[in-house]
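Participant: My structure is below; once you've seen it, I'll send some questions.
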Ligand code: AMP
């Protein structure tokens, strides 16, 4: 299917051509016609699948066909974080730049008065985080009377972040007759309840199995003591000549400290987290995007919605407490069919967390460098991996994980039973390639950057062999 066949207007097609989007991704293939028909949509799609364009394009098309001289927004997109909201607004502005429609974003952490002024001048599409939108509504700065379409983007994350009450308050302010689109990477009982409350006979669309990592992301792990992680990371970045790596820590303080330490190792780094001002967050992000800083250290919440073109590396400096966050984190790389690497630095204390992640993924994550991880007895095996099996090479484990994805006893089915919820419309699309218009890159050559990255740095080879000797004593 091409974008032309989806019935999009020339102005949008020109914008897509300028972005070099040759053909629609699976979610775009399915969602665009449904939205153009005016249907409600329940979309099971993770970030990285092209879901923003899947709703932005048909919304822009619909709004452009019924131009109204009204001030209030005709479409409202709610997003969990400032970064995602800004990203979504940027997409609307980019795709719709030939349409003479106004898209505007509002979020907290910045002055409210310029937002009130912008709203008073009239807009077509409003992208907002829930808290700030309620503040604006409380000041009567936004008029929802002409609203035709509501989008809840990353609805699961909004619920995780405790926005359900704000969302329900916002719903009460909106006209009851409207089109509703809800996108979520996971389908929990809470999402099910919310979708039943909001959506009217929705078209169910799912393009990637829940809780699966993109196949284009090569995942590996290093077993490393907590106090050695920073040295290992510096070494990986330097030996591998990394130009761009997004590194996740669990705490804001930890993010600051690591960015400073890496900078003292000669690696230009910045931190992004919820305690930073919006201006500082934007500065850090744009420095990372234009590659004047090589490493961006982020917490989970702050990294939500970050769309960094062709990001090659994601590093889990600390594993997340919630296994699903691992999937969200590594989804920052390997986007839109591109290859990417996700590297986890796992201390012994985190082995249990790794086990939880492996259980969720239904596959094992190979350790690099030390075939026998330090204290390997502490390492749990996921249920569906033969215990004690040796780490496989990457291509073998990819094949076997693909085989397992068809396994009815996989983690997905277990979760469905536990959650007592209806499964997503079981996706034939699960088996579709993520993007049919891009050819996969050839496997990296032996001397390529990714090859370097997957080897333990020299210093660590020494470290691992010392540890192995010490622990055998
Ligand atoms: P999203 O899932 O909306 O965050 O999009 C992920 C990335 O895919 C973004 O960088 C988009 O610019 C890109 N993208 C979206 N649709 C397409 C497409 N049809 N072809 C190529 N890239 C796309």
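In my numbering, the protein residues as written are 1 to 473. Glycine included, C-beta positions come from ideal geometry on N, C-alpha and C.
Which class does residue 37 belong to by DSSP, given the choice of helix, strand or coil?
Facilitator: In the structure shown, residue 37 sits in coil (DSSP, three-state: anything other than H, G, I, E or B).
Participant: Assuming residue 43 contacts residue 182 under a Cβ cut-off of 8 Å, what Cβ separation, rounded to an integer in Å, is found between them?
Facilitator: Confirmed, about 7 Å.
Participant: By the three-class DSSP mapping on this structure, what secondary structure does residue 143 have?
Facilitator: In this structure, residue 143 counts as coil in the three-state DSSP scheme.
Participant: Beta carbon of residue 24: closer than 7 Å to some heavy atom of the ligand AMP?
Facilitator: Checking every heavy atom of the ligand AMP against the Cβ of residue 24, one is found closer than 7 Å.
Participant: What do you reckon, is the C-beta of residue 197 under 7 Å from a heavy atom of the ligand AMP?
Facilitator: It does not: the Cβ of residue 197 is nowhere closer than 7 Å to a heavy atom of the ligand AMP.
Participant: Roughly how far, in whole angstroms, is the beta-carbon of residue 221 from the beta-carbon of residue 365, given that I think they are within contact range, below 8 Å?
Facilitator: Indeed they touch by this definition, with Cβ atoms about 5 Å apart.
Participant: Per DSSP, which residues does residue 219 bridge with? Please list them.
Facilitator: According to DSSP, residue 219 bridges with 342.
Participant: So for residue 227, helix, strand or coil by DSSP?
Facilitator: Helix at residue 227.
Participant: Please report the Cβ distance between residue 321 and residue 353, rounded to the nearest whole angstrom; I am assuming they are in contact, meaning their Cβ atoms lie under 8 Å.
Facilitator: At roughly 7 Å, the Cβ-Cβ gap stays under 8 Å, so residue 321 and residue 353 are in contact.
Participant: Starting from residue 298, trace the beta strand (DSSP E) both ways and give me its first and last residue.
Facilitator: Unbroken beta strand (DSSP E) run through residue 298: 295-298.
Participant: Smallest Cα separation from residue 8: which of 45, 360 and 54?
Facilitator: Among 45, 360 and 54, the Cα nearest to that of residue 8 belongs to 54.
Participant: Let's test the definition: count the other Cβ atoms within 10 Å of the Cβ of residue 34 and tell me whether it reaches 16, buried, or not, exposed.
Facilitator: It counts as buried.
Participant: Would you report the Cα separation of residue 145 and residue 227, rounded to the nearest angstrom?
Facilitator: Rounded to the nearest angstrom, the two C-alpha atoms are 57 Å apart.
Participant: Looking at the unbroken beta strand (DSSP E) that takes in residue 204, where does it start and where does it end?
Facilitator: Segment 203-206, the beta strand (DSSP E) holding residue 204.
Participant: Taking just the CA atoms, how far does residue 358 sit from residue 367?
Facilitator: The alpha-carbon atoms of residue 367 and residue 358 are separated by roughly 12 Å.
Participant: Going by the C-beta, is residue 185 closer than 7 Å to any heavy atom of the ligand AMP?
Facilitator: Incorrect: residue 185 has no Cβ contact closer than 7 Å to the ligand AMP.
Participant: How would you label residue 121, buried or exposed, when you count the other beta carbons within 10 angstroms and need 16 or more for buried?
Facilitator: Classification for residue 121: exposed.
Participant: DSSP has residue 104 in a bridge; who is on the other side?
Facilitator: Answer is 126, bridged to residue 104.
Participant: Looking only at its chain, what residues have a beta carbon closer than 6 Å to the beta carbon of residue 30, apart from the 5 residues adjacent to it on each side?
Facilitator: 205.
Participant: Taking 7 Å as the cut-off, is the C-beta of residue 51 nearer than that to any heavy atom in the ligand ZN?
Facilitator: Ligands in the displayed structure: the ligand AMP; the ligand ZN is not one of them.
Participant: Report yes or no: do the segment 256-265 and the segment 113-120 share at least 3 C-beta pairs separated by less than 8 Å?
Facilitator: Touching, no, given that fewer than three Cβ pairs across the two stretches are closer than 8 Å.
Participant: Check residue 135 in the structure and name its three-state DSSP category.
Facilitator: Helix at residue 135.
Participant: Which residue comes first and which comes last in the alpha helix (DSSP H) that contains residue 286?
Facilitator: Residue 286 -> alpha helix (DSSP H) spans 278-289.
Participant: At the level of alpha carbons, what is the spacing between residue 389 and residue 155?
Facilitator: Note that residue 389 has pLDDT 36, beneath the 50 cutoff, so the model's placement of it is unreliable and the number below is only indicative. Cα to Cα, residue 389 sits roughly 38 Å from residue 155.
Participant: Please report how far the alpha carbon of residue 485 lies from the alpha carbon of residue 130, in whole angstroms.
Facilitator: Outside the shown range of the chain (1 to 473) lies residue 485, about which nothing can therefore be said.
Participant: Answer yes or no: do residue 258 and residue 317 have a C-beta to C-beta separation smaller than 8 Å?
Facilitator: Cβ distance < 8 Å, so residue 258 and residue 317 count as in contact.
Participant: Could you check whether the Cβ of residue 48 sits closer than 7 Å to any heavy atom belonging to the ligand AMP?
Facilitator: Under cutoff, so the answer is yes.
Participant: Please list the terminal residues of the continuous alpha helix (DSSP H) segment that includes residue 91.
Facilitator: Unbroken alpha helix (DSSP H) run through residue 91: 82-95.
Participant: DSSP state of residue 292, grouped into three classes?
Facilitator: In this structure, residue 292 counts as coil in the three-state DSSP scheme.
Participant: Are there 16 or more other CB atoms within 10 angstroms of the CB of residue 541, so buried, or fewer, so exposed?
Facilitator: Beyond the ends of the chain as shown, which are 1 and 473, falls residue 541; an answer cannot be given.
Participant: Compute every distance between the C-beta of residue 28 and the non-hydrogen atoms of the ligand AMP, then say whether any falls below 7 Å.
Facilitator: Correct: residue 28 has its Cβ closer than 7 Å to the ligand AMP.
Participant: Measuring straight from C-alpha to C-alpha, what distance separates residue 98 and residue 11?
Facilitator: Between residue 98 and residue 11, the C-alpha separation is close to 6 Å.
Participant: Report whether the distance from the Cβ of residue 21 to the nearest heavy atom of the ligand AMP is below 7 Å.
Facilitator: Yes; taking the cut-off as 7 Å, the Cβ of residue 21 has a heavy atom of the ligand AMP nearer than that.
Participant: In or out: residue 299 buried (at least 16 other Cβ within 10 Å) or exposed?
Facilitator: Buried, since its Cβ has 16 or more Cβ neighbours within 10 Å.
Participant: Pairing CB atoms from the segment 66-83 with CB atoms from the segment 149-164, are three or more of them under 8 Å?
Facilitator: With a cut-off of 8 Å, the segment 149-164 and the segment 66-83 count as touching, because enough Cβ pairs lie within range.
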